[in-house]
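Under UniProt numbering, the first residue of the sequence shown carries the number 1, and numbering increases by one thereafter. Worksheet: the structure to be examined is printed underneath.
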Amino acid sequence: MSEALVLCRFLHFIVVLMLFGAWLFRPLLLKGEAPTLDRHLARLARWLVAIALASGVTWALLITASMAGSAAAAFDPATVELVFGHTFFGQVWRWHLLINALLLALLFTPWRSNPPLRLGLSALLLMTLAPVGHGAMLDGFSGQMLILNQVIHLTCVGAWLGGLLMLVMILRQPEQAVHEVLQRFSGLGYGLVAGLLFTGLINVRVLTGQWWPTPLFSGFALILLIKALLVFGMLALALFNRLRINDCEQRIDTLKRSVMLEWLLGIGAVAAVSVLGTLPPMIAA
């Protein structure tokens, strides 16, 4: 069951993060109209929101089964009602699923072309991921600050990953002004990277009592190390593309491959986070 939960967490996190970031970066990267790109993005968004809802429901069922100690309990209405009504996870998750359902319904109405409404609901969907997992391990003011830090961290991650997805889609379109798009993405990327690293270090410090947990090659610390290496790989590719931005038009194929690889490394980092969420952090003595 733990493997299914990790897979479900990963799938849910990745689609919610990319959905938010893609909608955020669409007007930031391309100022004018792009009908073909927008049609592709709209079709992809409907799939992502549907996958998010399905994986979110599955996540809730797996958590219910885990809490009850029985797979059959996941389909017992009384047990499900108990989890949703009397646990912190359930109280947060019922709002999360409601927002997810509203967003899916929105995409099949005339209001689907309202960018602020889409982005607002996707932001709420992302924010309600923050109290789930290690973000809920502290009580009181400290717990609230940890959740706020996690909201900022997820916002930076989602914007970066979704922005990369948007960049991949733009690079596949003919006759796009690649140089201007890359400049806009790079300019915003500095702030996202700074926010991601700063909030990530705060999470590690609060969860483990250290700036980096030890022993380095076991359990929580090992998965965290893998995540960090993947993130630094993304940073290296981003820096490479930034240094070569002036001749990006001449190396468009290399650019496409490097952006795709950076995006895939980001997906790998989210997979590592999904595993981390199921492991107990190692608190320093």
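Where a beta carbon is used, it is the ideal one built from N, C-alpha and C, also for glycine. Treat the numbers as computed from the prediction; the structure is a model and nothing was measured.
Alpha carbon to alpha carbon, what distance is there between residue j and residue i?
i, j, result
"F20", "Q210", "31 Å"
"L235", "A71", "42 Å"
"A54", "L225", "31 Å"
"R205", "G219", "17 Å"
"F232", "G187", "18 Å"
"L261", "N241", "12 Å"
"V49", "V178", "29 Å"
"A34", "L222", "43 Å"
"S274", "G195", "20 Å"
"L129", "H12", "10 Å"
"A272", "L197", "16 Å"
"L146", "M127", "13 Å"
"K227", "V270", "8 Å"
"L163", "G189", "What sits at residue 163 in the sequence shown is Gly, not Leu. Going by the C-alpha atoms only, they are around 9 Å apart."
"L28", "L125", "21 Å"
"A105", "W212", "43 Å"
"L201", "V6", "23 Å"
"W59", "V132", "11 Å"
"W111", "L102", "12 Å"
"A4", "G32", "42 Å"
"L62", "R251", "47 Å"
Based on Cα-Cα distance, which residue from the options lies nearest to residue i?
i, options, result
"A22", "R9, L11, V6, H40", "H40"
"G90", "G191, L107, H179, M67", "M67"
"W160", "A4, V132, A238", "A238"
"R46", "E3, L124, F108", "F108"
"L121", "N100, W111, K31, V132", "N100"
"T64", "L265, L29, S2", "S2"
"M123", "L207, V15, G85", "For the record, residue 123 in the displayed sequence is Ala; it is not Met. Residue V15 is the option with its Cα nearest to A123."
"T208", "A73, L276, C8", "L276"
"L98", "G69, L62, A52", "A52"
With DSSP collapsed to three states, give me the class of residue i.
i, result
"L32", "Reading the sequence as shown, one finds Gly at residue 32 and not Leu. G32 falls in the coil class under three-state DSSP."
"P116", "helix"
"A4", "helix"
"L126", "helix"
"D253", "helix"
"S142", "helix"
"residue 295", "Past the edges of the chain, shown from 1 to 285, lies residue 295, and the structure says nothing about it."
"P110", "helix"
"V15", "helix"
"T58", "helix"
"Q210", "coil"
"R172", "coil"
"V270", "helix"
"V49", "helix"
"V83", "helix"
"L158", "Looking at the sequence itself, residue 158 is Gly, so the reference to Leu does not match. Here G158 sits in helix by DSSP."
"S258", "helix"
"G200", "helix"
"G195", "helix"
Tell whether a beta-carbon distance below 8 Å holds between residue i and residue j.
i, j, result
"M166", "R43", "no"
"G268", "L243", "no"
"L37", "Q173", "yes"
"H96", "G56", "yes"
"residue 292", "N203", "Look at the range of the chain in this structure, 1 to 285, and you will see that residue 292 is not part of it."
"L119", "L24", "yes"
"W263", "V168", "yes"
"L30", "I170", "yes"
Tell me whether the segment 69-89 and the segment 113-130 touch, counting them as touching only if at least three CB pairs, one residue from each stretch, are closer than 8 Å.
no
Within 8 Å, do at least three Cβ pairs link the segment 177-185 to the segment 146-155?
no
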